[in-house]
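Under our numbering, think of the first position of the sequence shown as 259, with each following residue one higher.
Take a look at the structure below.
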Amino acid sequence: MDEPSIAAHARTHFTSYCHLVGTCMMGEDDAAVVDSQLRVRGLAGLRVADASVIPSIPSGNTNATVYAIAERAAELLRGA
Ligand SMILES: Cc1cc2nc3c(=O)[nH]c(=O)nc-3n(C[C@H](O)[C@H](O)[C@H](O)COP(=O)(O)OP(=O)(O)OC[C@H]3O[C@@H](n4cnc5c(N)ncnc54)[C@H](O)[C@@H]3O)c2cc1C
Numbered sequence: 259m260d261e262p263s264i265a266a267h268a269r270t271h272f273t274s275y276c277h278l279v280g281t282c283m284m285g286e287d288d289a290a291v292v293d294s295q296l297r298v299r300g301l302a303g304l305r306v307a308d309a310s311v312i313p314s315i316p317s318g319n320t321n322a323t324v325y326a327i328a329e330r331a332a333e334l335l336r337g338a
């Protein structure tokens, strides 16, 4: 199978499988939207705590990761 055929096959058959992540990527570099404390860079008093901060697409399901992010966000807000 040649490369254009593989690309056409991928476009036709592959989907996100409902585990979208990363639109507010967490990290410490310039491309990151939130830092490791879930704070939006450049804005005071705003955090993001959902699947959007997961910095790269995980190979498994995402729901447990979102619960872990939520637990961590609660700790951060309590100052723990
Ligand atoms: C069909 C499907 C099946 C899935 N199955 C699994 C699975 O089996 N196992 C697994 O681990 N993961 C599964 N996932 C993925 C998992 O559900 C998500 O990763 C997780 O729910 C993401 O959590 P979240 O808090 O980022 O977003 P969401 O759970 O989407 O929460 C966003 C919330 O924000 C609310 N909202 C949106 N806009 C506004 C607004 N303007 N104002 C106020 N509220 C707003 C929405 O109503 C919603 O309650 C599945 C996802 C889908 C779609």
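For glycine and all other residues, C-beta sits at the position ideal for the given N, C-alpha and C.
Mapping DSSP to helix, strand and coil, what is residue i?
i      : result
Val298 : strand
Val306 : coil
Val341 : Summary: the structure shown does not reach residue 341, with the chain confined to residues 259 through 338, and so no result is reported for it.
Leu311 : Contrary to the premise, residue 311 reads as Val rather than Leu in this sequence. Reduced to three states, the DSSP call for Val311 is helix.
Val291 : coil
Taking only heavy atoms of ligand 1 into account, decide whether any of them is closer than 6 angstroms to the Cβ of residue i.
i      : result
Cys276 : yes
Val324 : yes
Ala309 : yes
Thr273 : no
Between the C-alpha atoms of residue i and residue j, what's the straight-line distance to the nearest angstrom?
i      : j      : result
Val279 : Asp293 : 16 angstroms
Glu261 : Gly318 : 27 angstroms
Ala289 : Gly303 : 20 angstroms
Leu301 : His271 : 40 angstroms
Taking all protein chains shown into account, do 16 or more other C-beta atoms lie within 10 angstroms of the C-beta of residue i, making it buried, or fewer, making it exposed?
i      : result
Ile312 : buried
Met284 : buried
Tell me which same chain residues have a C-beta within less than 6 angstroms of the C-beta of residue i, skipping the five on either side of it?
i      : result
Thr281 : Ser310
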